[in-house]
Structures are given as structure tokens and as C-alpha cells.
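First the structure, in the form of C-alpha cells, and then the observations on it.
Residue numbers (the working numbering): 45 to 732.
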């Protein structure tokens with residue numbers, strides 16, 4: 045027997061109705077059939093895991109309107125369980141096109157600690173492009189990938205590569221680090237947890253400015269704070285990763301890991317330039333209206349750095365361009381050149397590239413030749429879009445990337461006030477001049493002068509993507525090392541006659557080749573007993589590492605003075621490298637710096653990697669893989685260049701990276717110079 049509403053019964057009913065209508069006349073048989081019902085909407089499931097450690101009590105949604113928030117009409121999951129798992133259904137037509145947003149309330153439980161997170165936060169995972177059912181992992185690292193996409197318009201692949209490089213990750217930042225126990229996953233997990241801890245602490249420190257007015261004259265919201273902290277995390281990722289890789293964190297027992305991470309977060313916060321004082325400026329800068337562009341091309345400049353003691357002692361850096369430079373060519377490119385000018389005791393020197401005149405002719409590889417950037421060399425920048433973005437190529441391939449510019453009209457404002465409130469509260473530095481000290485030492489020299497009409501203070505965020513290797517042309521840039529007997533080190537406390545503890549006069553000689561460089565730096569210290577001098581005492585095992593490792597860079601003010609040593613050491617970290625006896629393996633070290641002579645002491649292993657040697661033109665270049673994130677904090681990436689029968693210390697712009705800077709336009713710059721009695725900046729044509 046058929047069900048009363050089965051298909052045969054319904055068919056019979058329709059037939060009877062049709063016959064009845066036909067018998068009624070009136071042309072009913074000519075009426076068109078009713079349209080078929082629309083097909084049922086097809087949905088797919090998006091599932092995933094929300095984790096710092098796995099997070100219980102969080103909810104996930106599909107951000108259909110791309111506003112980075114969960115709205116009431118968007119597909120939303122229930123609260124996650126102890127495993128952090130969530131799922132929701134989305135229309136098949138939009139699957140893979142939008143980010144997943146996870147809202148983590150303050151009472152959510154982190155499975156790694158067993159405690160509530162304490163401060164609410166939000167995480168994102170970028171659109172996958174997958175049109176069917178799929179899974180996503182949502183963490184602080186995937187959130188940074190999305191932030192990179194939002195900031196630069198980068199593709200998913202490029203954003204993933206950027207975050208992976210900046211954080212020195214052995215796995216993709218999109219991978220589920222909770223499902224693996226290998227070293228790469230452990231580091232990713234530590235970076236993720238440190239990100240959350242630092243952002244929570246910074247959010248608490250900045251809570252007092254919510255409701256205040258930012259530099260753009262708008263009310264600061266919690267969303268503004270969140271955006272600033274995300275931007276700060278992107279810029280600080282190498283430092284945070286280095287802290288997560290520090291032995292105090294990396295080697296901590298599971299029970300002690302949270303305490304070690306909290307201590308690292310405390311250190312980061314203490315060093316951070318994002319404070320309640322700087323937040324109104326940093327939040328307001330992106331909101332500033334674009335400064336008026338001239339109707340026709342005209343000469344211009346951007347004064348990036350200025351230090352001034354008196355008329356015979358000053359330094360500045362500016363980027364300048366003539367009217368012709370600012371006229372876009374057929375490819376939409378404009379040009380500019382770098383000016384660095386310094387007066388030391390009445391002697392003025394002007395050059396174009398590098399932070400010191402002796403380095404002005406450092407050659408770099410531009411992809412086809414070794415070239416320098418003498419004064420007047422033109423760099424290029426594209427026409428900026430509505431958001432102030434433009435591609436740039438600095439110094440013929442030395443650094444390339446995307447620049448984002450925002451301008452503040454400072455016409456009629458006090459020069460002194462603008463420098464005090466808008467420049468000296470800006471974090472960072474340019475050309476070695478910290479913005480906190482920008483301008484004359486004595487601000488009274490600026491008097492009560494105001495900026496003239498058409499004065500602009502530009503703010504830039506440069507997203508460097510690629511860059512070529514360069515090398516130091518000075519005699520001090522030639523690499524030297526000790527012979528094998530000294531480089532092999534040993535314990536001088538128990539072994540007499542060690543070469544490393546004897547007379548070293550004349551033994552530190554230039555290396556002949558890159559292979560010679562590796563052979564003479566095996567990474568073996570020379571160990572002495574405790575030493576005491578006017579600054580304090582060394583550690584009991586007093587290790588000297590300069591005998592068998594090579595310098596990779598310095599990172600200022602990151603080391604904690606060891607207990608009981610007084611000021612025997614500085615707070616600067618020295619980065620060094622040693623080479624495996626065979627093959628191309630490398631070991632990277634972080635060392636203490638002896639205060640009285642700057643030597644490297646008591647190094648600890650930062651990580652391991654390898655080196656490669658490639659031929660570029662008439663040179664051979666040694667570069668490295670597996671470099672620790674702390675190496676990025678040195679301000680450059682170390683390479684070594686063998687050319688013309690010598691091996692030299694080389695470097696690259698540390699890409700990828702995010703760098704913030706600022707600069708006054710030509711009218712504003714020359715107004716400042718006039719108050720200080722400096723000659724005006726007059727952009728010169730190429731070749732002058």
C-alpha cells in the first residue's frame with residue numbers, strides 16, 4: 045500500500061485536477077505549466093580547530109562580508125569543546141572565498157595551561173580557495189598570515205612564505221602544530237603562545253587610551269588597539285620568534301614553559317615602542333587624509349633623518365627628486381635619489397648609499413652585475429594607488445618591495461610641537477638616527493617658527509620583499525681568521541700549551557677562499573678560568589669564542605647581565621657562526637659581549653643550518669639557511685663574498701621585513717633647515 049502522500053498518489057491527484065480544469069472550458073489547456081521549484085541550496089561543511097593550545101569555549105564564523113568580525117547573519121559554530129574543534133555549514137557557492145574568524149572570550153580554556161585565557165581575543169584563518177567541504181586550522185600564526193594579506197594585498201602563498209620566513213618556522217604557519225611533537229611544531233607553538241601573551245599584555249597597557257583622541261582627531265576604539273597590536277606583531281615577528289627559540293623557553297620543561305613564556309613577554313613589552321604615549325600617533329596615522337598632491341609634477345624631498353648638535357656637527361638623510369624625476373615615465377615609474385650629508389667639526393661630507401661615507405661605494409649584485417650607488421643614483425617608485433601603495437626598487441635592486449604612504453598636513457603648525465608630538469613619539473629609527481632623538485638636541489633652536497603652506501609629514505610602511513647581496517669595501521671588511529691550532533680551542537684551565545691561550549700576535553690573517561673561511565671556524569671555544577676586572581667578574585667558565593667562529597652581527601640591549609658578573613658584560617648579543625668539519629653544516633650562536641674589549645664570550649647555540657655558495661658574476665657568495673630569527677634583528681642578513689682574491693663581510697637587506705619610517709616634504713624640510721642655519725635641499729638633475 046502507498047503512503048497517502050507518496051509520488052503515485054500525488055500524480056493521480058494532479059491528473060484529476062487537470063481533467064476538471066479542461067472540462068471547464070475557457071482555453072485553460074493553453075496556459076503555460078507552472079515553473080519548477082528552485083533547486084535546494086547546496087551546503088558544505090567547514091570544520092577546523094581553534095588553538096593557541098586547543099581552545100574550549102570559542103566560536104567560529106564564516107566572514108561573508110569580510111569585515112573581520114562575526115555578524116549575526118553569518119554561518120557560526122557552537123562553542124568549541126576541549127579539543128578546540130568547530131564546524132559550520134556554508135553555501136557551496138561561497139565556500140573557500142572568505143576568512144574564518146574565531147572569537148575567543150576571556151573565559152575560554154586553553155588546553156595547554158588548563159586555565160582561562162583571561163583576555164578576549166580574535167583569530168583569523170585566510171580564505172582557502174577550496175570549494176568543497178574542508179578543514180582549517182585557526183591560530184595566532186594563521187591570523188598573522190591574514191594580517192599580511194590585509195596589509196599588502198599579498199597572495200596567500202606569498203603571505204604564508206613571509207610569515208614562515210619572519211618567524212623562522214620549519215613548518216607552514218597554516219599547519220596544525222598541536223598534532224605534532226617534533227621540534228618545528230614545538231617552536232611554532234611557542235611563537236603562537238608568545239604572540240598571544242604579548243598582545244594580551246599590550247592590550248592591558250593600552251586600555252587606558254580607549255576613548256582618547258588619536259592624531260587624526262578620531263576617538264580611539266578597542267578595534268583600533270587590536271589593529272595596532274596586530275601590525276606590531278607583524279613587524280616584531282623575528283624578535284618574538286628569537287625569544288621563543290631562546291634556551292630559557294625552548295628547553296623549558298612542560299611545567300615551566302608558561303612561566304618562561306610570560307618572562308619573555310615581559311621582556312618584549314619592556315622593550316616595545318608601542319606605549320600609551322605613542323599609541324594615539326600610531327593609531328591615527330593610517331586614518332590621516334591623504335595630503336594634496338601637486339596638480340603638476342614638481343621637485344620634492346622626504347627628510348628622513350636629522351641630528352643636530354651645532355653648526356659644525358650635524359647629519360641628515362633625505363630622498364630627493366626633481367620635477368623631471370616626478371614625471372611618470374611610460375611604465376608609470378617616478379625616480380628619486382638618496383642624500384646623506386654629515387658635518388663633523390666643520391668638515392662636510394655628502395654621499396648617497398650606506399650609513400657612513402666610507403661605505404658609500406659598497407657594491408651589490410643587481411641580478412646581472414656588481415654595481416654601486418654613488419650620489420645621484422636614481423631609485424624608482426610606482427604611481428601610488430588610492431591606499432597609498434606603490435612598488436619600489438631602491439638602489440638598482442638592492443631592495444625591492446611595496447611602500448604604503450600616508451600624509452599629515454602640518455602647514456601652519458609649530459615646528460617644535462610637530463617634532464615633539466609626531467616625530468619623537470614614533471618608534472624606530474632611520475639611517476641610525478632614532479626618532480626619539482630626531483632633530484636638534486636643543487629644541488629651543490627652533491624658536492616659535494611654524495611650517496609654511498603645503499608642508500607635509502609623510503609616514504611610510506615599507507614591505508621589503510627581495511634584495512641583492514652587497515659587501516663592505518673597507519679594509520676592515522676583509523675577513524680574517526686564526527689558524528687551525530688556535531681555532532680548535534680547548535680548556536686552558538687543565539691543558540697547558542694550548543695555542544689559543546698563547547701569543548696570538550700575527551696569527552689573525554685574511555682567509556683565502558670561502559672554503560678556507562669554513563675550515564678555520566669550527567666553533568670550538570678556548571676556555572679560561574674566571575676573570576675579574578674593574579667592571580666585575582666573568583662567569584666561572586670563561587669561554588672565548590672569537591678564536592673559531594665568525595661574526596654575524598650584533599643585537600643591542602637584548603641580553604640580561606648574568607648574576608654576579610656586575611658590568612663585566614654588556615647587554616648586547618653577539619651573533620656568530622661555526623662550520624661543520626665536513627659537509628656544509630652550520631651552527632649559529634648567541635654570545636655575551638665582554639665590556640672592556642668587545643670580545644665574544646660564553647656563546648649558546650641558537651640553531652643549526654647550512655650554507656650554499658653560488659657564483660654571481662666574477663664573485664662567489666656564501667649565504668645561509670636556517671638562520672635564527674634573532675639574526676633579522678641585527679638589521680641585515682649576513683653573507684660572505686669572495687671577489688678579487690679576497691673574502692669580505694657581506695650583507696643583504698633582511699627580507700622579507702616590515703619597516704616604518706617618516707619624512708618631511710621639501711617645504712617642511714627646508715623650513716626646519718632655515719631655523720637651524722643649514723643649507724636648503726635643492727634637488728639636482730641626474731649627473732649634477
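Just so it is clear, CB atoms sit at the ideal spot from N, CA and C, and this is done for glycine as well.
(1) If you compare alpha carbons, which of 582, 292, 602, 193 is closest to residue 611?
(2) With a threshold of 8 Å, are at least 3 pairs of Cβ atoms found where one atom belongs to the stretch 253-272 and the other to the stretch 290-298?
(3) Check the DSSP bridge columns for residue 508 and list the partner residues they point to.
(4) Relative to the C-alpha of residue 374, which candidate in 424, 445, 417, 397 has its C-alpha closest?
(5) To which residues of the same chain is residue 655 closer than 6 Å at the C-beta, ignoring the five residues directly before and after it?
(6) Can you look up residue 363 in the DSSP assignment and give me helix, strand or coil?
(7) Using CA atoms only, rank isn't needed, just tell me which of 143, 585, 365, 189 is closest to residue 731.
(8) Going by the DSSP bridge assignment, what does residue 656 pair with across the sheet?
(9) What are the start and end residues of each continuous beta strand (DSSP E) run of 3 or more residues lying completely inside the stretch 532-617, in chain order?
(10) Which whole runs of the alpha helix (DSSP H) in the stretch 351-404 are 4 residues long or more, in chain order?
(11) Can you give the beta carbon distance from residue 161 to residue 155, rounded, assuming they're within the 8 Å contact cut?
(12) Specify, as a first and last residue, the run of the alpha helix (DSSP H) that residue 717 falls within.
(13) Between 165, 175, 218, 210, which lies nearest to residue 190 when the distance is taken from Cα to Cα?
(14) Leaving out five residues before and five after residue 502 in sequence, what residues of the same chain have Cβ atoms less than 7 Å from its Cβ?
(15) Who does residue 178 pair with in a DSSP beta bridge?
(16) Among the residues of its own chain, which have a CB less than 8 Å from the CB of residue 615, if the five just before and after it don't count?
(17) Going by alpha carbons, who is nearest to residue 463 out of 472, 446, 172, 481?
(18) I'd like the list of long-range same chain contacts for residue 123, defined as Cβ closer than 8 Å, with 5 residues on each side in sequence excluded.
(19) Taking the straight line between their C-alpha atoms, what separation do you get for residue 380 and residue 422?
(20) Are three or more beta carbon pairs between the stretch 239-252 and the stretch 307-316 nearer than 8 Å?
(21) Could you check what DSSP says for residue 457 in three-state terms: helix, strand or coil?
(22) For the stretch 353-371 against the stretch 337-345, do three or more pairs of beta-carbon atoms, one drawn from each stretch, fall closer than 8 Å, so that the two count as touching?
(23) What ranges does the alpha helix (DSSP H) occupy inside the stretch 147-235, keeping only unbroken runs of at least 4 residues that lie completely in it?
(24) Have a look at 554, 414, 596 and flag the residue whose alpha-carbon is nearest the alpha-carbon of residue 661.
(25) Starting from residue 740 and walking both ways along the beta strand (DSSP E), at which residues does that stretch end?
(26) In this structure, does DSSP put residue 637 in helix, strand or coil?
(27) Apart from the five residues just before and just after residue 650, which ones in its own chain have a Cβ nearer than 7 Å to its Cβ?
(28) So residue 684 packs on residue 561, CB below 8 Å; how close in whole Å?
(29) Could you please give the first and the last residue of the uninterrupted alpha helix (DSSP H) stretch that includes residue 312?
(30) Taking one C-beta from the stretch 198-215 and one from the stretch 135-145 each time, how about it: are there three or more such pairs within less than 8 Å?
(31) Looking only at its chain, what residues have a beta carbon closer than 7 Å to the beta carbon of residue 498, apart from the 5 residues adjacent to it on each side?
(32) On the criterion of 16 or more Cβ atoms from any shown chain inside 10 Å, does residue 548 qualify as buried, or is it exposed?
(33) Quick check on this structure: which residue in 690, 505, 264, 622 has the alpha carbon closest to the alpha carbon of residue 192?
(34) Please work out which residues of its chain come closer than 7 Å, Cβ to Cβ, to residue 269, disregarding the five sequence neighbours upstream and downstream, and give them in chain order.
(35) First and last residue of the beta strand (DSSP E) that includes residue 423?
(36) Quick one: what does DSSP say residue 619 is sitting in, helix, strand or coil?
Well, looking at it:
(1) 582
(2) no
(3) 445, 701
(4) 424
(5) 628, 630, 666, 668
(6) strand
(7) 365
(8) 667
(9) 570-572, 586-588, 594-599
(10) none
(11) About 11 Å separates the two Cβ atoms, so there is no contact after all.
(12) 710-720
(13) 218
(14) 346, 449, 451, 706, 707, 709
(15) 90
(16) 600, 601, 602, 603, 604, 605
(17) 481
(18) 100, 101, 102, 103
(19) 5 Å
(20) yes
(21) coil
(22) yes
(23) 184-196, 200-210
(24) 414
(25) In the structure as shown, the chain begins at 45 and stops at 732. Residue 740 is therefore absent and cannot be evaluated.
(26) strand
(27) 289, 632, 633, 634, 672, 674
(28) 6 Å
(29) 298-315
(30) no
(31) 455, 711
(32) exposed
(33) 505
(34) 247, 250, 254
(35) 422-426
(36) strand
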